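Step one of this worksheet: look at the structure below.
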Amino acid sequence: MQDHSRASALLATALQGHDIKFKKEAVAAELDDGSPQGRTNAQWVMEHISPNTLLSKDEAVLVKSLERSGVLETLLRQSDLASTRALTEDEIREATATLKASTATCAKQVATLKSQLELTERLQTGSRTTDRNQDRYINGLNRQHLLEKQRIKAMAEDIKNDFESRMHEYQQQKQAERKHLLQSISSKLVEDDEILSKAERIMADSESTEADGQLEKRALDLISILSRLNAEEIRCRLDRLYLEGLLSDGEVMADAPENKEAKIALEQDLESLYSEIEVLAELSARQEFGQTILGELRRNKQHSAHSLEENLDSILEVLMQMTRSTEQEIDKIQYRQSHREALDQLSILFKEEVSNREAEQIQTKKAHRRQSSLSSPIKPPQRQSSTVTRSLQSLESFLRRLGISPSASLTANELALEKRTELADILHHNLSLGAEMPLYESLGSSDEAKQLLTSILHADSHAEPSLVDVTRKEHLSDLERELAAIQKDIEHVNLNVLVEPDRSRDKFIEKWGQS
-6 MQDHSRASAL LATALQGHDI KFKKEAVAAE LDDGSPQGRT NAQWVMEHIS PNTLLSKDEA
54 VLVKSLERSG VLETLLRQSD LASTRALTED EIREATATLK ASTATCAKQV ATLKSQLELT
114 ERLQTGSRTT DRNQDRYING LNRQHLLEKQ RIKAMAEDIK NDFESRMHEY QQQKQAERKH
174 LLQSISSKLV EDDEILSKAE RIMADSESTE ADGQLEKRAL DLISILSRLN AEEIRCRLDR
234 LYLEGLLSDG EVMADAPENK EAKIALEQDL ESLYSEIEVL AELSARQEFG QTILGELRRN
294 KQHSAHSLEE NLDSILEVLM QMTRSTEQEI DKIQYRQSHR EALDQLSILF KEEVSNREAE
354 QIQTKKAHRR QSSLSSPIKP PQRQSSTVTR SLQSLESFLR RLGISPSASL TANELALEKR
414 TELADILHHN LSLGAEMPLY ESLGSSDEAK QLLTSILHAD SHAEPSLVDV TRKEHLSDLE
474 RELAAIQKDI EHVNLNVLVE PDRSRDKFIE KWGQS
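Here the sequence shown stands for residues -6 to 508, numbered as in the working numbering.
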């Protein structure tokens, strides 16, 4: 009975020590003293269930890990396993002390990793805050850029509409000015023709000066003829008187000698008077008629010359006015023609600029679409999510193996939304800091205990133990490749496109805004 109770207590203690659930009634039934099987079971428990024969919790965990990794099966397949030397008490105590030291060192390492994890979480929180602020700033810049773009586009559209309306008004004004100009030029030409006809008449009237010279010459000729005729008349009268005197004297004193001498003297006197008659007749004609006629002709000539000079001055002034008005009209026509040509050229340039601008916008949109299609590779969403899930599970299992429970900020949903490039940089930075920390001295004993335990367990074994999970290693390599690809894509992204100014648009607004 005592053996039965001792066996039951020993088995219950062993099961409780290894956290194995059991029922006392079932244990008592299996170790019943009244049956041969119960006594056999109790005897076996007394022989095999003891602290010296059972594994401790740590040893059981180690055996399970070895079994999961496949090392235990490799060890059991060894043919020389039976020849392996058993551990002595001193070696066990030494290994236990070493394991305790390594446990303390691992605890320190876990504390260090926890502090690094807290630092990583703080950095991630700051990074998320910075990202949110940057996103808000970029969104604000995008909104501001969009509003400015809309404002400039509206201004450009207003300028375009205003320019088109002005050009339409200018076309109408040009048509009206053309009609008015034709009418004014035709009326001006009619007035100029009338003025020129009047000037021709005045010049025709002024040509009488030559006739005045001929008239003066004719008057002189007539005066000379008159003087000659007067002289002839005087001679004729003298001859008649002389003949009448001769006839009268011849009847009275025909034969008287004295009469002959008187006759001879009278003939001589008449001969002397004949030479003076022409001079006196010419002087008399000039004095009586020539001076009056010539004076009147000179007065008429002076008056005609004065009137001719006045007419010439007036004609010259009229011609100068016509020349000035014609030059003014020519200048106005040339100015209007140059202004019209400039506006036509400006209209052509405006149309070309608008067409070029539209073509540039179309090409820019096509280039942006092409660049976006080339710079954003399409990946299968299910494969990516599965890869991210596997990488996150491997990270969580790694933290659990170190005794660190992942916080709420490291859940799968939020970690999937985090920027994996920044997380990789932070982890790399923290690991580099951890490698530079003075942990070698505290971790040295742990490494020595691990090597000692490994050498004792595999003293006669040719197999090399490995605790690395191949699937997790593949997941980590996939995660690293994905992080490298994302980092490369982020480096190629040009965020300056959102805020850089549009040179062509500024030139267009500046050019047409000044006009």
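The C-beta atom is built at its ideal place from N, Cα and C for all residues, glycine as well.
Please read these numbers as outputs of a predicted model, since none were measured by experiment.
Flag this pair as touching only if the region 285 to 304 and the region 212 to 222 have three or more C-beta atom pairs under 8 angstroms; answer yes or no.
-> The region 285 to 304 and the region 212 to 222 touch, with no fewer than 3 CB-CB distances between them shorter than 8 angstroms.
Sorted by chain position, which residues of the same chain lie with C-beta nearer than 7 angstroms to E7's C-beta, five sequence neighbours on each side aside?
-> The sequence as given places Ala at residue 7; Glu does not occur at that position. So the qualifying residues of the chain are I42, L47.
How long is the line joining the alpha carbons of Q176 and D186, rounded to whole angstroms?
-> 15 angstroms
Pair within 9 angstroms by beta-carbon distance, E170 and R292 | no
Look at the alpha carbon of T33 and the alpha carbon of G10, and state the distance between them as a whole number of angstroms.
-> T33 and G10: Cα-Cα distance of roughly 23 angstroms.
Given M196, which residues of its chain have a CB within under 8 angstroms of its CB, disregarding the five upstream and five downstream residues?
-> N304, I308
Straight-line CA distance for R61 to E87?
-> 27 angstroms
Per DSSP, what kind of secondary structure is F15 in: helix, strand or coil?
-> coil
Mind checking H332: buried by the 16 CB within 10 Å criterion, or exposed?
-> exposed
Taking only the alpha-carbon atoms, compute the straight-line gap between E237 and E254 and give it to the nearest angstrom.
-> 18 angstroms
How many angstroms separate the CA atom of Q327 from the CA atom of K153?
-> In a straight line, the C-alpha of Q327 is about 28 angstroms away from that of K153.
Leaving aside the five residues before and after E271 along the sequence, list all residues of the same chain whose C-beta is less than 8 angstroms from its C-beta, in chain order.
-> S220, R221, A224
CB contact flag (Q30, A0, <9 angstroms) | no
Starting from the C-beta of S340, find all residues in its chain whose C-beta is less than 6 angstroms away, skip the five residues before and the five after it, and write them out in chain order.
-> Cβ within range, chain order: M160.
Where does R136 sit, in a helix, a strand or coil, going by DSSP?
-> helix
What are the complete alpha helix (DSSP H) segments, minimum 4 residues, inside the region 51 to 112?
-> 64 to 69, all fully within the region 51 to 112.
With distances taken from CA atoms, which of L24, L476, K294 is nearest Q207?
-> K294
9 angstroms Cβ cutoff met for L312 and Y163 = no
Is the CB-CB distance between K181 and E322 below 9 angstroms?
-> The answer is yes: Cβ separation under 9 angstroms.
Below 7 angstroms CB to CB, which residues in the same chain sit around A21 once its five sequence neighbours on both sides are set aside?
-> Residues S1 of the same chain have their beta carbon placed closer than 7 angstroms to that of A21, with the five preceding and five following residues left out of the count.
S28 (DSSP reduced to helix, strand or coil) | coil
Selected residue, minimal CA-CA separation from K93, among E302, D51, Q117, N45 = D51
Contacts around I188, its chain only, beta-carbon distance under 7 angstroms, and the 5 residues preceding and following it disregarded = Excluding five sequence positions before and after I188, the CB atoms of its chain that fall closer than 7 angstroms to its own CB belong to V311, M315, given in chain order.
Would you report the Cα separation of K344 and R136, rounded to the nearest angstrom?
-> 31 angstroms
Cβ-based neighbour list, A90, same chain, cut-off 7 angstroms, excluding 5 preceding and 5 following | none
Let me know if G119 comes out buried or exposed under the rule of 16 or more other beta-carbons within 10 Å of its beta-carbon.
-> exposed
Using CA coordinates, which residue listed in V54, L4, R228, L106 is at the minimum distance from E40?
-> Nearest neighbour of E40 by Cα position, chosen from V54, L4, R228, L106, turns out to be L4.
Determine the closest residue to S277 out of I227, H296, S158, with distance taken between C-alpha atoms.
-> I227
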